[in-house]
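All remarks here apply to the structure that follows.
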Amino acid sequence: MRNKVIVVVSILCLILLVPSAVATADVLSVDELGKEQCVKFENGKIIDFNVIDKKDYSFKTERIAVMGNWDSIEKEEIDDLLKSSDIVLIYDTKLNFQVDDSKPNNKIEIHYYKNHTKVSHYFRSSTTDENELKQEINDFANEKLDDFNSNDFAVTSYNADASLFNVLYSTSFREMSKPYGYIDCDYNVLKYRTNDVSSLYIVEATVYFVPGIIAKKDGASGFKNYKNEFGYFHINASNAEVEVGYGQVRRGGTPVFKDAYPVNTPGTISIASTYNIGTNMGYSFKNGFSKDGISIGTDKNLGLNISYSYNKTYTTAEPALSVQKTASNPQTFSWQYQYSSNREETNCLKVGYIFEMNNKGHEMREGDVALTFDYLMKVKYLSSKSFSGHQFHNWY
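Using the working numbering, the letters of the sequence shown map in sequence onto residues -1 to 394.
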């Protein structure tokens, strides 16, 4: 009898040792229970992420799948994980920094669906201190997980008529370059299906160029008193591609640039379809997109019935803004800002890139598009320094 009592007590002890913070919906397998956990749970929500610096680390529940320090992870693997976990988080603590479309070397990326929309977040850093990099990864992860947990956070566009435009993708990326500063971008891709032949898309991005002196005043470590001097942001839309075999590539529709904002001399653009000759897709006014082209009173550049509002007029005197298609590619649009003297301030640019793309006649899904973002920031403290970045988001 004594032996039986001991067995029962031992089993109860083992049950009590299972972390109580793991919610019922996040039941762990036997293998996962033996692992060092990178996340904590409270009432089914992820309340804390701490990086585990081990090679080929993995952790998976119904709530989150984490992959750490793997040599490579294919997009198909991420999509498969999203079928069984609400969030996929991938991180890399290695102190190597490079820009390569095939291996973009994000320090962390997070993927999930919100309101049936794919949401992705990317973070890169040129930090060369191992502990500092881990802290940056933790901070970014917890910031984005807080957004996911928030009931107030939703993927919507308050500027859009929901019956006309819908959000396809919502994405953010951050380029950290200590001690100079960082560039933060949030963007949505919206689609208006004009007809069976083609659709109109808007990439709307809010970009923050944050100099080191502002980051330092915000309490961030590793920054110095660099002030804002110059910067640019480029957007390009191109065919999405997916490799299906050796030497075999499927390609999506072909984007055709139509308009951008803000611009130096804004006016009304009539958007004629490239794929359906004779069809007018709508009008890009100074105050937004309209289907009917009806203007307000005598001002022919202001639309009355706006389906998606934006401001094509740049009214800020400082910094000066120059906008144009790039010389190397007419599909790429560029916004450049320049301060007359370096400033102790963050420059916030809200920009839009409008393009048409064929719905059919290609080998991928309608709406699959590849977006390229190039950006640079020049700052000054004792001398001028600059850093740049490149993001290639191939949606398929």
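The C-beta atom is built at its ideal place from N, Cα and C for all residues, glycine as well.
Ignoring anything shorter than 4 residues, give me the alpha helix (DSSP H) runs that lie fully in the segment 173 to 240, in order along the chain. Those alpha helix (DSSP H) runs which fall completely within the segment 173 to 240 and span 4+ residues are 210 to 215.
On the DSSP bridge list, what partners appear for residue 439? Nothing can be reported for residue 439, as the shown portion of the chain is limited to -1 through 394.
Would you say residue 266 lies against chain B (beta-carbon separation less than 8 Å)? Among the chains of the structure shown, chain B does not appear; only one protein chain is present.
Supposed close pair residue 88, residue 387 - CB separation, criterion 8 Å: Here residue 88 refers to the residue found at position 90 when the sequence shown is read from its first residue. Here residue 387 refers to the residue found at position 389 when the sequence shown is read from its first residue. Going by Cβ atoms, the distance from residue 88 to residue 387 rounds to 19 Å, so no, they are not a contact pair.
At 3 residues or longer, what runs of the beta strand (DSSP E) sit wholly inside the segment 38 to 74? 43 to 47, 55 to 58, 62 to 66
Give every residue of the same chain whose Cβ lies closer than 8 Å to the Cβ of residue 219, excluding the five residues on either side of it in the sequence, and list them in chain order. Sequence index remark: in the sequence shown, residue 219 carries index 221 (1-based). Excluding positions up to five away in sequence, the list reads 130.
Would you decide whether residue 183 is buried or exposed? Buried here means 16 or more other CB atoms lie within 10 Å of its CB. Residue 183 sits at position 185 when you count from the first residue of the sequence shown. Flag for residue 183 reads buried.
Classify residue 302 as helix, strand or coil using the three-state DSSP reduction. Taking the sequence shown and counting its residues from 1, the one referred to as residue 302 is at position 304. Coil, per DSSP.
Cβ of residue 376 within 8 Å of Cβ of residue 134? For the purposes of this step, residue 376 is taken as residue 378 along the sequence shown, with counting starting at 1. For the purposes of this step, residue 134 is taken as residue 136 along the sequence shown, with counting starting at 1. No, the pair does not count as a contact, with Cβ atoms beyond the cut-off.
Residue 148 versus 306, 45, 320, residue with shortest Cα-Cα distance: As a position in the sequence shown, residue 148 is number 150, starting the count at 1. Residue 148 has its Cα closest to that of 45, out of 306, 45, 320.
Can the beta-carbon of residue 355 be found closer than 8 Å to that of residue 252? To locate residue 355, count along the sequence shown from 1; it is residue 357. To locate residue 252, count along the sequence shown from 1; it is residue 254. Result yes, Cβ atoms of residue 355 and residue 252 sit closer than 8 Å.
Where does residue 356 fall in DSSP's three states? Along the sequence shown, one-based indexing puts residue 356 at 358. Here residue 356 sits in strand by DSSP.
DSSP three-state assignment for residue 141, whether helix, strand or coil: By one-based count along the sequence shown, residue 141 stands at place 143. In the structure shown, residue 141 sits in a helix (DSSP, three-state: H, G or I).
Do the segment 222 to 242 and the segment 369 to 384 meet, that is, are 3 or more Cβ pairs less than 8 Å apart? Yes: at least three Cβ pairs fall under 8 Å.
For residue 257, the residue or residues it bridges with in DSSP: Locating residue 257 in the sequence shown gives position 259, where the first residue counts as 1. Residue 257 pairs with 352.
Applying the criterion that 16 or more other CB atoms from any shown protein chain within 10 Å of the CB defines a buried residue, is residue 52 buried or exposed? Your numbering for residue 52 matches position 54 in the sequence shown. With fewer than 16 other Cβ atoms within 10 Å, it is exposed.
Tell me the DSSP secondary structure of residue 329 in three-state form. Along the sequence shown, one-based indexing puts residue 329 at 331. Coil at residue 329, not helix or strand.
If you measure between the beta carbons of residue 90 and residue 110, is that distance less than 8 Å? As a working note, residue 90 is residue 92 in the sequence shown. As a working note, residue 110 is residue 112 in the sequence shown. The answer is no: Cβ separation not under 8 Å.
For residue 93, count neighbouring C-beta atoms within 10 Å of its own C-beta (all shown protein chains included) and say buried if the count is 16 or more, exposed if not. Within the sequence shown, the letter at position 95 stands for residue 93. Exposed, since its Cβ has fewer than 16 Cβ neighbours within 10 Å.
Helix, strand or coil, according to DSSP, for residue 28 in the structure here? Looking up residue 28 in the sequence shown gives position 30. The predicted model places residue 28 with a pLDDT of 39, which falls under 50 and marks its position as unreliable; any figure quoted below should be read in that light. Three-state result, residue 28: helix.
I need the straight-line Cα distance from residue 258 to residue 54, nearest angstrom please. In the sequence shown, residue 258 corresponds to position 260, counting from 1. In the sequence shown, residue 54 corresponds to position 56, counting from 1. Taking the straight line joining both Cα atoms gives about 43 Å.
Coarse secondary structure for residue 163, derived from DSSP in three states: Start at 1 with the first residue of the sequence shown, and residue 163 comes out as number 165. Note: residue 163 maps to coil in three-state DSSP.
Is it buried or exposed, residue 332, if we count other Cβ atoms within 10 angstroms and call 16 or more buried? Translated into the one-based positions of the sequence shown, residue 332 becomes position 334. Residue 332 is buried by the Cβ-count criterion.
To which residues does DSSP link residue 389 through a beta bridge? Counting from one through the sequence shown, the residue named residue 389 turns up at place 391. 371.
Given a cut-off of 8 Å, decide if residue 286 and residue 312 are closer than it, judged by their beta-carbon atoms. Within the sequence shown, numbered from 1, the residue matching residue 312 stands at position 314. Within the sequence shown, numbered from 1, the residue matching residue 286 stands at position 288. For residue 312 and residue 286, no; Cβs fall outside 8 Å.
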